[in-house]
Amino acid sequence: MLSKKIIHLIEANALQLSNEIQERLLSHPSTSGYQDIDEKTLHTWIYDVCSRFSYWLDEDRERGEVEQHYRNLGKDRFEQGFDLPQVISALYLTKRRLWEFIAASREADSALNLNQAVEASLLLVRFFDHAVLHVTQGFEDVLRSKHGYEASLSKPERLALALEAKRKREEAVYEETKLPTLCFTKGMIRLG
Amino acid sequence: MLVKLIEMIEKNAEIMAGELKAKLLSDPACSSHQTLDDRVLYENIFEVYSRLGYWLLRDTEKGEVPTHYSALGAQRFEEGFPLHQVVQALVSTKRHIWDTVLEKGIMVTAKELDSVVDFITYLNRFFDMAIYYSTLGYYRALNLKTAS
Chain A
246 MLSKKIIHLI EANALQLSNE IQERLLSHPS TSGYQDIDEK TLHTWIYDVC
296 SRFSYWLDED RERGEVEQHY RNLGKDRFEQ GFDLPQVISA LYLTKRRLWE
346 FIAASREADS ALNLNQAVEA SLLLVRFFDH AVLHVTQGFE DVLRSKHGYE
396 ASLSKPERLA LALEAKRKRE EAVYEETKLP TLCFTKGMIR LG
Chain B
8 MLVKLIEMIE KNAEIMAGEL KAKLLSDPAC SSHQTLDDRV LYENIFEVYS
58 RLGYWLLRDT EKGEVPTHYS ALGAQRFEEG FPLHQVVQAL VSTKRHIWDT
108 VLEKGIMVTA KELDSVVDFI TYLNRFFDMA IYYSTLGYYR ALNLKTAS
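Protein sequence lines, in the order shown, are assigned to chains A and B.
Under the working numbering, residues 246 to 437 are what the first sequence spells out, in order.
Under the working numbering, residues 8 to 155 are what the second sequence spells out, in order.
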């Protein structure tokens, strides 16, 4: 894989990157909830992603282990009192720092070509897209199981009703327009 | 070259919006989007693709991006969409842009590839914020509802 070298660079610099990401999470207003977490614990959470990046990026894991891991992470963060936007912002701040690292590595090392950087960035983006999606599903799981909230269109019967309502709306729009009847009154055309 | 990539998407906005609309309407992971009027769904997508430069090259943490996407999140909550489907649709909107860039194969020279790195940066920065603010808008509407 072209991007292997870059992924290994991330893992080799995992400690430094984790420190920097931790600093960002602790100072960014959109992730203020992380200030309440023990710093060692927070560091472990971040380090787990950075130090085993090739493990997480493995395509075979994306549909299984990554989904389960981030769905559970969503549930855990909900139980810990985090708002979902904070968790999503933390994931994006992590991604942004890793992307900056990839871009800088390419500039610093001419042996890393652009294709490698582009490929690595796509893996990074795909991984975090999955992570954000599954964290969201984890939050929804807890909202449903513990708070009884479920979005109405999650329920097949409500979805069917909404689709039926749409069909009727469209029928009304496409219904053939009735032409006005023409009435002739002493040479005038009156629209009846 | 960054501008060239953006212009390429904007010029193909009509076709791309039609393609993504069809994709969303047939994707079980975005089933709630089937309840939107087809025209509305198309226009929502077209709005992003046809003005991609406008969205990408502005400060995504201030101004219209937070306002627009917070409102979208709150609207989707009221319409009964599951939040993960809102996220999935935005991810699909982003991926379709990238797929189109790859399909058109306009990245040949080193200089062109170099600008792709910038394009990826801008594209992701914008969609990260779009997803973040949609989630924030949805979540606030949800909290308001549960609080009342």
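Using N, Cα and C, we set each Cβ at its ideal position, and we do this for glycine too.
Since the structure is predicted, the reported quantities are computational estimates derived from the model, not experimental observations.
Asked, Found
"The stretch 395-410 of chain A in contact with the stretch 129-136 of chain B per 3-pair CB rule at 8 Å", "no"
"Interface residues of chain B facing A:Lys411 [CB-CB closer than 9 Å]", "Gln41, Thr42, Leu43, Asp44, Asp45"
"Contact with chain B by A:Trp344, beta-carbon distance below 9 Å", "yes"
"Residues near B:Leu20 by beta carbon distance below 7 Å, same chain, minus five either side", "It is worth fixing the name first, because residue 20 of chain B is Ala in this sequence and not Leu. Here the set comprises Phe53, Tyr56, Ser57."
"Members of the stretch 79-90 of chain B that neighbour chain A once the beta carbon cut-off is set at 7 Å", "Gly87, Phe88, Pro89, Leu90"
"Below-9 Å beta-carbon distance, A:Asp374 vs any chain B residue", "yes"
"Assigned secondary structure, A:Lys400 (DSSP; H/G/I helix, E/B strand, else coil)", "coil"
"Residue-level contact to chain B via CB, A:Glu385, 9 Å cutoff", "yes"
"Cβ neighbour criterion (16 or more within 10 Å) applied to A:Lys400", "exposed"
"A:Tyr292 in three-state terms, based on DSSP", "helix"
"Residue span of the alpha helix (DSSP H) that contains B:Ile16, given as start and end", "9-18"
"7 Å Cβ cut-off: residues of chain B touching A:Val377", "Val94, Ile138"
"Selected residue, minimal CA-CA separation from A:Arg389, among A:Lys320, A:Tyr419, A:Leu254", "A:Lys320"
"Cβ pair B:Leu143, B:Gly70 closer than 9 Å", "no"
"Within chain B, partners of A:Tyr394 - CB distance below 9 Å", "Leu149, Lys152, Thr153"
"beta-carbon B:Ala137 near the ligand GDP non-hydrogen atom, thresh 8 Å", "For the ligand GDP, the structure offers nothing, since it holds no ligand at all."
"Integer-rounded CB distance, given that B:Phe88 should sit under 8 Å from B:Ser39", "4 Å"
"With 16 other Cβ atoms within 10 Å as the buried cut-off, status of A:Pro330", "buried"
"Whether A:Val380 touches A:Arg316 by CB criterion (9 Å)", "yes"
"Assigned secondary structure, B:Leu48 (DSSP; H/G/I helix, E/B strand, else coil)", "helix"
"Chain A contacts from the stretch 94-108 of chain B (Cβ-Cβ distance under 9 Å)", "Val94, Gln95, Val98, Lys101, Arg102, Trp105"
"Presumed contact (8 Å Cβ cut-off) between B:Cys37 and B:Ala96, rounded CB distance", "5 Å"
"Chain B contact residues for A:Thr276, given Cβ-Cβ distances below 8 Å", "Correct list: empty, because the minimum Cβ distance to chain B is about 11 Å."
"Residue-chain proximity (A:Leu302, chain E), Cβ-Cβ < 9 Å", "Of the protein chains in the structure, A and B, none is chain E."
"Boundaries of the alpha helix (DSSP H) in which A:Asp321 is found, first to last residue", "310-324"
"Counted within 10 angstroms of its Cβ, other Cβ atoms place A:Ala349 as buried (16 or more) or exposed", "exposed"
"Distance CB(B:Lys30)-CB(B:His103) smaller than 9 Å", "yes"
"Sufficient close CB pairs (3 or more, under 8 Å) joining the stretch 412-419 of chain A to the stretch 366-382 of chain A", "no"
"Within chain B, partners of A:Leu408 - CB distance below 7 Å", "Gln41, Thr42"
"Whole-angstrom C-beta distance between A:Leu343 and A:Leu262, which should lie under 8 Å", "7 Å"
"is_contact[A:Leu367, chain B] using C-beta, thresh 9 Å", "yes"
"Host alpha helix (DSSP H) of A:Ile251 (start-end)", "249-257"
"Candidates A:His288, A:His375, A:Phe346: closest to B:Val124 by CA position", "A:Phe346"
"For B:Ile13 and B:Ser122, the rounded distance between their alpha carbons", "11 Å"
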